[in-house]
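Structure, as structure tokens:
Residue numbers (this note's numbering): 959 to 1249.
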């Protein structure tokens, strides 16, 4: 029903606006917001089921939560999203719900496709912004990366591959072979240099030293912290835990360690907001582009 969709969409927009603000400002999304949205999503759809005497609402809500829970786990363990991003996407799944009847293309699936498309563009633009804001450090790191022996060797092989592809394209007259061949080479070269670009941004712009008191749950520790031969935390941990932070603060006050190197991720919640607005206005962006 239109009223149900309007209410849930309004709640989602408010939640995403708040989450985007805190994510950009503090690089974290508060648990009260994420857990609150999860509870609201399930409770609201349960209420709709009671009001309209229709179990579809609560079933769809739980289905949406499960689908986005799996997505959240995948992206979290792949190191692409932080804990706040992952919890937020789970909340959105509970609020939107997944139409398990599939009578029409589910809005949740359109939103998911838009998240992937918008997220890719958003991530690239944010990386360019970071590179520009820290251009001296970025250019220095980029030069170092390009000067590495392994990278130089790969660049030479790519040059040979490119020349070979051009020669073949000139000899072969069939466009069905020529265009895919040149396209494949272009994709390989672009992917390689994009990887170097992103790695340079990561090293130059996404690492900083903080005191233990400035740490928050879920922060990514960039190097192993070892005190007295005992490892406390490090990159292998999927975000630092509260008890680890408390121990680090205690050791810091005892002058047993100094500042800690952490990796700052890209604030992805704003990309969820953009993707949701696009979903409301245009629907599935992939279908829009293909048509």
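For each residue, glycine too, the CB sits at the ideal point set by N, CA and C.
The structure presented is a predicted model; accordingly, all values stated were derived computationally and were not measured.
Measure the Cβ-Cβ separation of residue 925 and residue 1196 and say whether it is below 8 Å. Outside the modelled stretch of the chain, which goes from 959 to 1249, sits residue 925, for which no answer is possible.
C-beta atoms of residue 1193 and residue 1175 nearer than 8 Å: Locating residue 1193 in the chain shown gives position 235, where the first residue counts as 1. Locating residue 1175 in the chain shown gives position 217, where the first residue counts as 1. Taking 8 Å as the Cβ cut-off, residue 1193 and residue 1175 do not qualify as a contacting pair.
What does DSSP give as the partner residue(s) for residue 1167 in the beta ladder? Your numbering for residue 1167 matches position 209 in the chain shown. Beta-bridge pairing links residue 1167 to 1219.
Can you tell me which of the three DSSP states residue 1198 falls into? Numbered from 1 along the chain shown, position 240 holds the residue referred to as residue 1198. Of the three classes helix, strand and coil, the one that applies to residue 1198 here is coil, per DSSP.
Mind checking residue 1166: buried by the 16 CB within 10 Å criterion, or exposed? For the purposes of this step, residue 1166 is taken as residue 208 along the chain shown, with counting starting at 1. Exposed, because fewer than 16 other Cβ atoms sit within 10 Å of the Cβ of residue 1166.
Own chain residues within Cβ distance below 7 Å of residue 1058, not counting five before or after: Within the chain shown, numbered from 1, the residue matching residue 1058 stands at position 100. These residues qualify, in order along the chain: 1017, 1018 and 1021.
Delimiting residues of the beta strand (DSSP E) encompassing residue 1188: Looking up residue 1188 in the chain shown gives position 230. Where residue 1188 is concerned, the enclosing beta strand (DSSP E) stretches over 1188 to 1191.
Neighbourhood of residue 1164 by C-beta distance below 6 Å, restricted to the same chain and skipping five residues each side: If you number the chain shown from 1, residue 1164 lands on position 206. Excluding positions up to five away in sequence, the list reads 1221 and 1222.
Three or more beta-carbon pairs under 8 Å between the region 1041 to 1058 and the region 984 to 995, yes or no? yes
State the start and end residues of the unbroken alpha helix (DSSP H) segment that holds residue 1079. Translated into positions along the chain shown, residue 1079 becomes position 121. Residue 1079 -> alpha helix (DSSP H) spans 1065 to 1091.
Spatial neighbours of residue 1112 within its chain, please: C-beta separation below 6 Å, excluding the five flanking residues on both sides. Counting from one through the chain shown, the residue named residue 1112 turns up at place 154. So the list is empty, once near-sequence residues are dropped.
Boundaries of the alpha helix (DSSP H) in which residue 1224 is found, first to last residue: Stepping through the chain shown from its first residue, residue 1224 is reached at position 266. Premise fails: residue 1224 is in no alpha helix (DSSP H) and is neither H nor E.
DSSP three-state label for residue 972, please. Here residue 972 corresponds to residue number 14 of the chain shown, with the count starting at 1. Reduced to three states, the DSSP call for residue 972 is helix.
Could you spell out where the alpha helix (DSSP H) holding residue 1184 opens and where it closes? Against the chain shown, residue 1184 aligns to sequence position 226. No alpha helix (DSSP H) holds residue 1184; the beta strand (DSSP E) holding it covers 1183 to 1185.
Just the C-alpha distance for residue 987 and residue 1173, rounded to the nearest angstrom, thanks. In the chain shown, residue 987 corresponds to position 29, counting from 1. In the chain shown, residue 1173 corresponds to position 215, counting from 1. Approximately 14 Å between the Cα atoms of the pair.
May I ask you to verify whether the region 1071 to 1088 touches the region 1118 to 1135, counting CB pairs closer than 8 Å and requiring at least 3? no
Span separating the alpha-carbon of residue 1169 from that of residue 1117: Within the chain shown, the letter at position 211 stands for residue 1169. Within the chain shown, the letter at position 159 stands for residue 1117. Residue 1169 and residue 1117: Cα-Cα distance of roughly 46 Å.
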